[in-house]
Each structure stands twice: as C-alpha cells, then as structure tokens.
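**Q** Have a look at the structure that comes next, please.
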Amino acid sequence: MTSDVDTVLTCTQLTKAFRQGPERLTVLDNIDLSVSAGDSLAIVGNSGSGKTTLLHCLAGLERPSSGEVLWRDQSLAGLSEQALGRLRNQHVGFVYQFHHLMPEFMAWENVALPLLIRGDSSRSARQRADALLEAVGLKDRRTHKPSELSGGERQRVAIARALVAQPACVLADEPTGNLDVTTAETIQSLLLSLNDSMGIALLLVTHDPSFAARCRYRGTLLSGRFTCETQA
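In this note's numbering, the protein residues as written are 43 to 274.
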C-alpha cells in the first residue's frame, strides 16, 4: 500500500462475479490494491464478504471476471495453469487456518517441499528448511511428524514452509483462527516479526480485530468494495 518502488503485488479493477440462476452476484467489485516489500495488510469483513475469494484471485487460484493482477511486473492474465504454478512457487507463500502438512513427512521435509518441487537439491533444500525451522523456534522438532507436534507447532511449520522459497509475499487466510488465544498471539507475533525482519510482504485475512490492529494497513471488504487505511 506504500509508494515504495519495490511493489510486489498489484491488482487493478479486480472484479469477481458468480451466476446464481438468472442473477449475477458480484463478490469483488473493481478492487484496487498494491502491496510492497515489508508491508503488512490485514483484510477484514463479514463472513461471505469475499475475503478468501480475493486471496485466491490474487494468487491465481481463481480467475477474476475482469481486472488485472500483477506479481512484480508479471500479469496473471493468460498464463497457463503450469505457468501460474511456477509463479506461485517463486513469489507466493501460503498459510491457511489449517496447516495442510503432509502427515507422513517430518517437519523439515514438509518445509523443504516447495524447494524440492522446483528442483533444488535435497542438500540445499534441507539446509534452508533447517534454517527456517530454527527461525520459528522448532530447531529441536525438525524430525517430528505433524502428529507429534502441537497445534501451534504445526502452524509454525506451515509458516516456515511458506517462507522457505523466499517469496515476495505471504498470503495468510485466518492463520490463527484454529488456535487458542495464547497460541494465536504467539503465532501472530511470529508472523509479524518475520514480516519485519525478512522484508517479505504479509497480506492476511482475519476475523481477529486485535491481529488486524497489529498490521500496518487495515483493509475492509463490504458489499464487494474494498477500502484501506494506514494504522501505524
């Protein structure tokens, strides 16, 4: 949302509409936003307001009805699914409400997976995964499988996985919505600390007003329209 030249994500006049019988339901209505390196933007809104749909359109997981999304200077328009997958691997990190870890893999293997998918060597992927696990405080849990970790630890592994490929931006969809209050506050502090120290943009959807208040910008989705304000 800044005027910084290092803009990593932009969308202009982004619109997403669905057909419900004879009616056309507009969920996202001509949304403009931009996110620069180091920004933190929380998006709030009522359930069903289109917050997750917006994240999916920004990530190329859903095609908008109209408008344009750019990562750096690369437009998503016209890209094949394979090309979109490569772009996501290069620029986007994901954190969801549920960790979506592979249950048969150890923590470091889950974290290393995006690097292995793009063809990095096992050795370099493991070294990078170990470094991220240490950064999120799980150095001693690297060989544990998800079933051997607490909910907060599993979400820390998911955060490490989102960061391992050094993305331009992390998109987080209710990343603490499935955690108790104390654990949620710890994960929130971790995400914002890494956002600050690593300079990776953070764009998150949350129902938690205290989490939203800790971000630099607060965006609101209401009746398909997006407004944004600076908080800090």
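Ideal Cβ placement from N, Cα and C applies to all residues, glycine included.
1) Please determine, among R258, L221, D74 and S122, the residue with the shortest C-alpha to C-alpha distance to T54.
2) Under three-state DSSP, which class holds R168?
3) Near Y259, what residues of its chain come up, given a Cβ to Cβ distance below 8 Å and the 5 sequence neighbours on each side ignored?
4) Residues bridged to L75 by DSSP?
5) Could you give the DSSP three-state label for F147: helix, strand or coil?
6) Given a cut-off of 8 Å on the beta-carbon distance, is the pair V111 and A79 in contact?
7) Less than 6 Å between C-beta atoms, sequence neighbours within five positions excluded: which residues of the same chain meet that for F253?
8) Starting from C270, follow the beta strand (DSSP E) in both directions and report where the run begins and ends.
9) P251 to P217, Cα distance in whole Å?
10) Return the chain-ordered list of same chain residues with a C-beta closer than 8 Å to the C-beta of K187, the five sequence neighbours on each side being excluded.
11) Hey, which unbroken runs of the alpha helix (DSSP H) at 4 residues or more fall wholly within the region 75–146?
12) Determine the burial state of S108: buried for a count of at least 16 other Cβ atoms within 10 Å of its Cβ, exposed for fewer.
13) Using the Cα positions of A255 and V247, report the straight-line distance between them to the nearest angstrom.
14) Nearest to A207 by alpha carbon, out of G194, N152, G179 and D215?
15) Quick one: complete alpha helix (DSSP H) runs, 4+ long, within the region 177–262?
16) Alpha carbon to alpha carbon, how far is D71 from R267? Give it in angstroms, no decimals.
17) Suppose you measure from the CA of A154 to the CA of A167; what does that come to, to the nearest Å?
18) Going along the chain, which residues of its own chain have a beta-carbon closer than 7 Å to the beta-carbon of P209, five neighbours each way excluded?
19) Note down the Cα distance separating D46 from S117, rounded to an integer number of angstroms.
20) Are at least three pairs of beta-carbons, each pair with one atom in the region 58–67 and one in the region 178–195, less than 8 Å apart?
21) Pull up the distance between the alpha-carbon of L245 and that of R165, whole angstroms please.
**A** Inspection of the coordinates gives the following:
1) D74
2) helix
3) M43, D81, S82, L83, A84, C270, E271, T272 and Q273
4) C53
5) coil
6) no
7) Q230
8) R267 to T272
9) 13 Å
10) P145, E146, F147, M148 and A149
11) 93–101 and 123–133
12) exposed
13) 12 Å
14) N152
15) 193–205, 223–240 and 251–255
16) 5 Å
17) 5 Å
18) H133, V134, G135 and I242
19) Reliability of the predicted coordinates at D46 is poor, the pLDDT of 47 falling under 50, and the value obtained from them is presented with this limitation in mind. Their backbone Cα atoms lie some 19 Å apart in a straight line.
20) no
21) 31 Å
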